[in-house]
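Below is one structure, written out as structure tokens; comments come after it.
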Amino acid sequence: MLKVLNVETKRRTELVDITSEVERAVSESGVKEGIVVIFVPHTTAAVTVNENYDPSVATDINEWLSKAVPYNAPYSHTEGNADAHIKSAIVGPSEALIIEGGRVKLGTWQGIFLCEFDGPRRRQVWLKIVGDLQSQEGEEEGQKGGPCEG
1290 MLKVLNVETK RRTELVDITS EVERAVSESG VKEGIVVIFV PHTTAAVTVN
1340 ENYDPSVATD INEWLSKAVP YNAPYSHTEG NADAHIKSAI VGPSEALIIE
1390 GGRVKLGTWQ GIFLCEFDGP RRRQVWLKIV GDLQSQEGEE EGQKGGPCEG
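So the sequence shown is numbered by the working numbering: it starts at 1290 and just counts up by one.
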């Protein structure tokens, strides 16, 4: 089963913290040990994991990408969003994260971001949650649940 998050972006370029939505979906899936694949099915958006404690980090990332790949440069793609395609290619459309004990394993300051490069738009984030319904402790005790694709 595929879980779809719908995210409304507000600006042309921004990083939107979707950590709590991903964590909620993992919790609701019942998967205790496994992987969540986070995929953005858009050519002008991306997903990344980075610091979410200090919002200036997301601002710095967005500003650096805007300087490295400017909006008004002379691109061959003339629809007005060539920079967004390039930024999306640099950052990438997916992340795979570990689920342990029913929770997404992230570092202390890490969060999951939808990167909008051609907004504002309504974006989808696809989550594929795969794993076991019992923790590793249950496996050692002979109580391992069956595999789940939630």
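For each residue, glycine too, the CB sits at the ideal point set by N, CA and C.
Keep in mind that this is a model prediction, so the values were computed, not measured.
- In this structure residue 1323 is in contact with residue 1419, their Cβ atoms being roughly 5 Å apart against a cut-off of 8 Å.
- When beta bridges are read from the DSSP output, residue 1337 appears opposite 1402.
- Apart from the 5 residues on each side of it in sequence, residue 1404 sits with its Cβ closer than 7 Å to the Cβ of 1304, 1334, 1335, 1336, 1337 and 1380 in its chain, given in chain order.
- A residue is called buried once 16 or more other Cβ atoms fall within 10 Å of its Cβ, and residue 1407 is buried on that count.
- Uninterrupted alpha helix (DSSP H) stretches at least 4 residues long and entirely within the region 1347-1409 occur at 1371-1380, given in chain order.
- Remark: C-beta atoms of residue 1294 and residue 1399 do not approach each other more closely than 8 Å.
- For the pair residue 1395 and residue 1331, the Cα-to-Cα distance works out to about 24 Å.
- Between the alpha carbons of residue 1357 and residue 1364 lies a distance of about 14 Å.
- Sorting 1353, 1292, 1308 and 1417 by C-alpha distance to the C-alpha of residue 1341 places 1308 at the top.
- Annotation: residue 1329 is outside any beta strand (DSSP E) and is labelled neither H nor E by DSSP.
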